[in-house]
Amino acid sequence: MKYREILEAAVRAPSGENCQPWRFVMEGDVIRIFNIPDQDTSLFNLHQRASYVAHGALLENLSIAAPAFGYAPDISLFPDSHVPNLVAAVRMTEGPSFDDSLYPYIPKRCTNRKRYNGGALSAAESQTLLSVAERVPGGKVALTGSVQDKAEVAEVNALNDRLVFENEHLHAFLFEHVRWSDAEARERGDGLDIKTLELAPPDSLAFPLLKSWPLVDFLKNFGVPRIIAGSARKLALSAAAIGVVSVPGKGDKDCIAAGRLIERVWLEATKLGLSFQLMTGITLLMRRVLDGETENISSQHGELIKKAYGTLANRFGVEDGSLFIMFRVGRCGPPSVYSMRYPIDKVIDAP
1 MKYREILEAA VRAPSGENCQ PWRFVMEGDV IRIFNIPDQD TSLFNLHQRA SYVAHGALLE
61 NLSIAAPAFG YAPDISLFPD SHVPNLVAAV RMTEGPSFDD SLYPYIPKRC TNRKRYNGGA
121 LSAAESQTLL SVAERVPGGK VALTGSVQDK AEVAEVNALN DRLVFENEHL HAFLFEHVRW
181 SDAEARERGD GLDIKTLELA PPDSLAFPLL KSWPLVDFLK NFGVPRIIAG SARKLALSAA
241 AIGVVSVPGK GDKDCIAAGR LIERVWLEAT KLGLSFQLMT GITLLMRRVL DGETENISSQ
301 HGELIKKAYG TLANRFGVED GSLFIMFRVG RCGPPSVYSM RYPIDKVIDA P
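Using our numbering, read the sequence shown as starting at 1 and increasing by one per residue.
What follows is the structure, given as structure tokens:
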């Protein structure tokens with residue numbers, strides 16, 4: 001199939017719980033890319049923001065990969081409002097063949113949820129990541145490695161994990177996407193292989209029990225979600241730096257821009273030999289609550305989310321009305337396993 005290698009690189013993009021919300025329709029030299037809303041029905045995905053961020057990452061991969069095969073992609077975003085869920089039409093024209101320096105790192109890019117060793121980034125490493133913002137008008141990349149700043153931002157990351165075990169909807173979405181064995185992960189080709197969570201031996205024994213919402217709801221009385229949040233706090237504190245990428249708006253095209261920006265930051269980090277983990281869920285909940293969309297979010301949780309937003313806004317200069325994504329970066333050993341992807345033929349539909 002024409003463009004197979006390019007699309008195989010494109011779909012290495014990250015997505016919420018590895019839900020891969022995309023399909024392709026090939027029409028001659030035009031690749032039409034569709035969003036699949038049913039792939040992500042979480043509270044994180046209000047107005048398909050999480051999915052459009054994922055599509056942005058996919059388009060960045062496609063743009064990096066295409067020149068290696070002698071193509072120049074011309075991307076038109078949301079080209080026809082009368083075609084539901086059409087995210088982009090990409091016309092592939094012949095162009096000069098060259099390898100983008102990031103192309104070899106697309107298959108190597110991965111989430112690493114291990115504890116990092118805490119060593120600081122070098123000035124050159126920090127500048128490499130920060131300079132990616134120049135590629136997106138109004139885009140911003142901010143980093144902090146100070147102990148005090150990391151401690152404050154770690155509380156924000158801890159809140160995300162606490163909410164997952166205090167909100168039934170967030171809890172259900174997580175456990176719907178956990179793949180409990182190698183065989184299930186290979187067969188399904190999506191979701192979170194349990195090994196990607198990098199659970200310590202005692203936690204790996206307890207985690208399957210937490211699939212039961214009635215049990216988790218009962219354990220809330222004993223502060224178990226706060227204990228779980230403590231692990232997320234430690235992971236954030238272990239980072240060399242915690243960062244944020246942001247774009248000045250929150251519309252569909254802004255989400256695409258944010259996705260392209262975070263993917264390029266991530267690929268640059270991979271090229272530098274750094275480990276990386278998105279901490280996106282809480283920032284998408286912030287955007288939702290700030291927009292007054294609080295269905296299925298308790299008033300107590302809403303206030304905690306607003307307070308957490310204030311922390312990030314102060315630390316990173318996040319502007320009102322912007323879309324932003326948080327991450328941690330540092331050094332550690334390789335992840336135990338990489339997430340699976342659907343076979344490319346599964347996500348290509350006949351015209």
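Glycine residues also receive a C-beta, built at the ideal position from the N, C-alpha and C atoms.
Keep in mind that this is a model prediction, so the values were computed, not measured.
Residue i: which of the options sits nearest, CA to CA?
i       : options                            : result
Val-53  : Pro-67, Ser-15, Val-90             : Ser-15
Ser-246 : Tyr-103, Val-132, Pro-67           : Val-132
Ala-65  : Ile-6, Arg-32, Asn-112, Gln-39     : Ile-6
Asp-161 : Glu-134, Ile-227, Leu-261, Asp-217 : Ile-227
Lys-2   : Ala-9, Pro-201, Arg-12, Gly-28     : Gly-28
Ala-395 : Gly-119, Arg-23, Arg-115, Leu-121  : Residue numbering for the chain in the displayed model covers 1 to 351; residue 395 lies beyond these limits and cannot be assessed.
Gly-56  : His-47, Arg-264, Tyr-105, Arg-315  : Arg-264
Ala-258 : Leu-290, Thr-280, Arg-12           : Thr-280
Glu-166 : Gly-138, Pro-214, Ser-146          : Pro-214
Leu-121 : Leu-285, Ala-269, Gln-39, Ala-154  : Ala-269
Thr-311 : Val-153, His-171, Ser-126          : Val-153
Arg-115 : Cys-332, Tyr-338, Phe-78           : Cys-332
Leu-267 : Met-26, Asn-35, Val-90, Tyr-105    : Tyr-105
Thr-128 : Pro-21, Val-141, Asn-117           : Val-141
Asp-190 : Gly-70, Glu-198, Ala-200, Phe-175  : Phe-175
Tyr-338 : Pro-137, Asp-182, Pro-37           : Asp-182
Check the C-beta distance from residue i over to residue j and give it rounded, since I have them as a contact under 8 Å.
i       : j       : result
His-169 : Asn-18  : The pair is not a contact, with the Cβ atoms about 19 Å apart (cut-off 8 Å).
Ile-390 : Ala-308 : What is shown of the chain runs 1 to 351, which leaves residue 390 out entirely.
Ala-240 : Gly-119 : 6 Å
Asp-149 : Arg-315 : 6 Å
Arg-287 : Arg-49  : 7 Å
Put residue i into one of helix, strand or coil per three-state DSSP.
i       : result
Ala-239 : coil
Leu-274 : coil
Lys-140 : strand
Met-26  : strand
Phe-78  : coil
Val-87  : strand
Ile-33  : strand
Ala-382 : The structure shown does not extend to residue 382, since the chain is modelled only from 1 through 351, so no value can be given for it.
Ile-106 : coil
Tyr-52  : helix
Ala-62  : Just to set this straight, residue 62 is Leu in the shown sequence, not Ala. It is helical.
Taking Cβ positions only, does residue i come closer than 8 Å to chain D?
i       : result
Ala-236 : Going by chain labels, chain D is absent from the structure shown, which holds only one protein chain.
Under a Cβ-count criterion, where at least 16 other Cβ atoms within 10 Å of its own Cβ denotes burial, should residue i be classed as buried or exposed?
i       : result
Leu-143 : buried
Leu-159 : buried
Asn-296 : exposed
Arg-186 : exposed
Asn-157 : buried
Ser-97  : exposed
Count Cβ pairs between the region 33–43 and the region 236–246 that sit closer than 8 Å; are there 3 or more? Contact fails: fewer than three Cβ-Cβ distances are below 8 Å.
Validate contact between the region 101–114 and the region 274–281 using beta carbons, cut 8 Å, 3 pairs: Between the region 101–114 and the region 274–281, the count of Cβ pairs shorter than 8 Å is three or higher; the stretches touch.
Determine, using beta-carbon pairs with one atom in the region 203–210 and one in the region 70–82, whether at least three such pairs fall under 8 Å. Contact between the region 203–210 and the region 70–82 is absent, with fewer than three C-beta pairs closer than 8 Å.
For the region 47–62 against the region 300–316, are there 3 or more C-beta pairs whose distance is under 8 Å? With fewer than three CB-CB distances shorter than 8 Å, the region 47–62 does not count as touching the region 300–316.
Stretch-stretch touch, CB-based, cutoff 8 Å, three pairs: the region 248–267 with the region 316–327: Touching, per the Cβ criterion.
Could you tell me whether the region 259–274 touches the region 70–77, using the rule of 3 or more Cβ pairs below 8 Å? At 8 Å Cβ cutoff, the stretches do not touch.
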